[in-house]
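With the first letter of the sequence shown counted as 1, position 214 gets the number 220 in the UniProt record's numbering; the numbers rise by one all the way through.
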Amino acid sequence: VIRSLLLGAGAYLPEKVLTNADLAAQVDTDDAWITARTGIRQRHIAAEGECTSDLATAAARRALEAAGRDARDIDLVVLATATPDYTFPSSATTVQANLGIRRGAAFDIQAVCSGFIYALATADNFLKAGQHKRALVIGAETFSRILDWNDRTTCVLFGDGAGAVVLEAGTGEGTSADRGILTSHLHADGRYRDLLYVDGGPSKTKTVGHLRMTGKEVFRHAVVNLADAVGEALEATGLAPADIDWIVPHQANLRIIEGTAKKLGIDNSRVVITVDHHGNTSAASVPLALTEAWADGRIQPGNLVLLEAMGGGFTWGSCLVRI
Ligand code: ACO
Numbered sequence: 007v008i009r010s011l012l013l014g015a016g017a018y019l020p021e022k023v024l025t026n027a028d029l030a031a032q033v034d035t036d037d038a039w040i041t042a043r044t045g046i047r048q049r050h051i052a053a054e055g056e057c058t059s060d061l062a063t064a065a066a067r068r069a070l071e072a073a074g075r076d077a078r079d080i081d082l083v084v085l086a087t088a089t090p091d092y093t094f095p096s097s098a099t100t101v102q103a104n105l106g107i108r109r110g111a112a113f114d115i116q117a118v119c120s121g122f123i124y125a126l127a128t129a130d131n132f133l134k135a136g137q138h139k140r141a142l143v144i145g146a147e148t149f150s151r152i153l154d155w156n157d158r159t160t161c162v163l164f165g166d167g168a169g170a171v172v173l174e175a176g177t178g179e180g181t182s183a184d185r186g187i188l189t190s191h192l193h194a195d196g197r198y199r200d201l202l203y204v205d206g207g208p209s210k211t212k213t214v215g216h217l218r219m220t221g222k223e224v225f226r227h228a229v230v231n232l233a234d235a236v237g238e239a240l241e242a243t244g245l246a247p248a249d250i251d252w253i254v255p256h257q258a259n260l261r262i263i264e265g266t267a268k269k270l271g272i273d274n275s276r277v278v279i280t281v282d283h284h285g286n287t288s289a290a291s292v293p294l295a296l297t298e299a300w301a302d303g304r305i306q307p308g309n310l311v312l313l314e315a316m317g318g319g320f321t322w323g324s325c326l327v328r329i
């Protein structure tokens with residue numbers, strides 16, 4: 007059986023940090039409100055001229071280093087983003103060129119906050135089909151560019167960043183446990199597209215637009231859909247919540263993350279949290295959190311890790327992987 011093995015992860019955050027106090031100086035908000043409602047204390051913001059592909063390239067380089075692989079080994083680049091550098095070409099092709107890769111395929115995936123889960127599942131299927139051997143899977147965003155900085159209900163929630171992993175087709179044999187991506191599950195329900203969207207685009211308005219959200223409704227759907235996506239992964243593999251070593255959830259809101267864990271009966275001590283210092287970085291949030299917990303030794307070889315996310319569309323899904 008061919009499995010997609012997760013060889014390493016890397017992340018990149020822009021240098022500039024925007025704290026809740028900084029935001030309170032710009033819009034009618036305060037640290038107490040933001041912290042109590044979301045758990046967010048600060049987020050990173052890309053510098054003028056620093057693009058999604060720049061963040062993605064930096065994260066990809068670090069992932070390659072962690073994986074012990076060279077860019078020349080890569081024959082598939084899948085980049086999840088809702089904030090590409092340009093309408094086209096894809097930011098994935100820019101990253102590919104930045105890394106000096108001249109073969110294989112490169113393309114973007116758009117599933118907003120679920121983008122990385124969609125990208126991972128897509129790359130996994132290409133590898134399992136034998137069509138490609140080694141993939142860079144990246145989530146990268148510059149949401150600061152599509153925020154309405156006068157709208158306090160949305161501008162306090164998001165940040166910029168990128169995370170990446172290297173996947174390699176292998177058998178997973180010769181290790182203590184069956185390694186690699188064990189199962190992935192993707193969902194979409196476009197009836198809810200108006201609850202979280204950007205009010206601009208090349209075809210409809212010929213503008214870039216700003217993020218708009220009905221927060222309460224998104225919140226309600228998120229806890230239900232995410233718990234379902236995790237349940238589905240467990241059912242497909244015959245595993246129980248107690249078997250999961252780490253949940254690496256999409257980092258939208260501490261209350262969504264804790265609500266989902268509670269619904270599943272999983273203790274918060276087994277949930278990776280970065281939303282406090284990253285904010286919601288959309289497609290970048292899962293690989294950023296994964297990289298942090300892997301690099302600091304919380305995630306160990308052989309651990310069973312559950313990745314899950316939900317985002318605009320709505321889209322949602324999960325990926326269960328043995329490191
Ligand atoms: N600072 C101070 N007050 C604020 C702010 C702010 N930044 N934003 C809103 N308020 C006010 C509102 O105006 C409202 O005031 P009012 O009662 O006088 O009208 C009050 O706070 C309560 O607002 P609600 O919207 O009811 O607050 P709620 O408890 O629903 O929290 C939040 C809002 C944090 C957005 C929440 O709904 C949420 O987290 N939703 C999920 C959204 C999300 O995470 N989206 C990310 C993308 S999707 C995904 O990744 C899953």
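Glycine included, C-beta positions come from ideal geometry on N, C-alpha and C. The structure presented is a predicted model; accordingly, all values stated were derived computationally and were not measured.
Cβ-heavy atom distance, His283 to ligand 1, below 7 Å = Along the sequence shown, one-based indexing puts residue 283 at 277. False, no ligand heavy atom lies under 7 Å from that Cβ.
Can you give, in chain order, each stretch of the beta strand (DSSP E) that sits fully within the region 24 to 84 and has at least 3 residues?
-> 48 to 51
So, does the CB of Ala228 fall closer than 8 Å to a CB anywhere in chain B?
-> Looking for chain B here will not work: only one protein chain is present.
Figure out for me which residue from Ala38, Leu12, Gly285 has the closest Cα to the Cα of Leu126.
-> Here residue 126 refers to the residue found at position 120 of the sequence shown. Answer by Cα proximity: Leu12.
Of all the beta strand (DSSP E) runs that stay within the bounds of the region 79 to 131, which reach a length of 3 or more residues?
-> 82 to 86, 111 to 115
What distance in whole Å lies between the Cβ atoms of Gln257 and Val281, which are believed to be in contact at a cut-off of 8 Å?
-> Against the sequence shown, residue 281 aligns to sequence position 275. Against the sequence shown, residue 257 aligns to sequence position 251. The pair is a contact, with the Cβ atoms about 4 Å apart (cut-off 8 Å).
In whole angstroms, what separates the C-alpha of Thr220 from that of Leu202?
-> Numbered from 1 along the sequence shown, position 214 holds the residue referred to as residue 220. Numbered from 1 along the sequence shown, position 196 holds the residue referred to as residue 202. The alpha-carbon atoms of Thr220 and Leu202 are separated by roughly 6 Å.
Contact test: Lys222 Cβ vs ligand 1 heavy atom, cutoff 7 Å | By 1-based counting over the sequence shown, the position of residue 222 is 216. Yes, the beta carbon of Lys222 sits closer than 7 Å to at least one heavy atom of ligand 1.
In this structure, does DSSP put Ala17 in helix, strand or coil?
-> Walking along the sequence shown from the start, residue 17 turns up at place 11. Of the three classes helix, strand and coil, the one that applies to Ala17 here is strand, per DSSP.
Cα-Cα, which of Asn286, Phe320, Leu245 is closest to Leu270?
-> Start at 1 with the first residue of the sequence shown, and residue 270 comes out as number 264. Among Asn286, Phe320, Leu245, the Cα nearest to that of Leu270 is on Leu245.
Which stretch, first to last residue, makes up the beta strand (DSSP E) that contains Leu188?
-> As a first step, residue 188 must be located in the sequence shown, where it is residue number 182. Segment 186 to 194, the beta strand (DSSP E) holding Leu188.
Using a threshold of 7 Å, is the CB atom of Val162 nearer than that to any non-hydrogen atom of ligand 1?
-> Along the sequence shown, one-based indexing puts residue 162 at 156. Yes; taking the cut-off as 7 Å, the Cβ of Val162 has a heavy atom of ligand 1 nearer than that.
Boundaries (first-last residue) of the beta strand (DSSP E) holding Gly221 = The sequence position of residue 221 within the sequence shown is 215, counting from 1. Where Gly221 is concerned, there is no enclosing beta strand (DSSP E), although the alpha helix (DSSP H) it sits in stretches over 221 to 243.
Quick one: complete alpha helix (DSSP H) runs, 4+ long, within the region 290 to 327?
-> 291 to 301
Mind checking whether residue 1 and Asp166 have CB atoms under 8 Å apart?
-> Outside the displayed range of the chain (7 to 329) lies residue 1, so it cannot be described from this structure.
Do you know how far the Cα of Leu85 is from the Cα of Thr321?
-> By 1-based counting over the sequence shown, the position of residue 321 is 315. By 1-based counting over the sequence shown, the position of residue 85 is 79. When rounded, the distance between both Cα atoms is 17 Å.
Output the boundary residues of the beta strand (DSSP E) element that contains Gly167.
-> Stepping through the sequence shown from its first residue, residue 167 is reached at position 161. Where Gly167 is concerned, the enclosing beta strand (DSSP E) stretches over 166 to 176.
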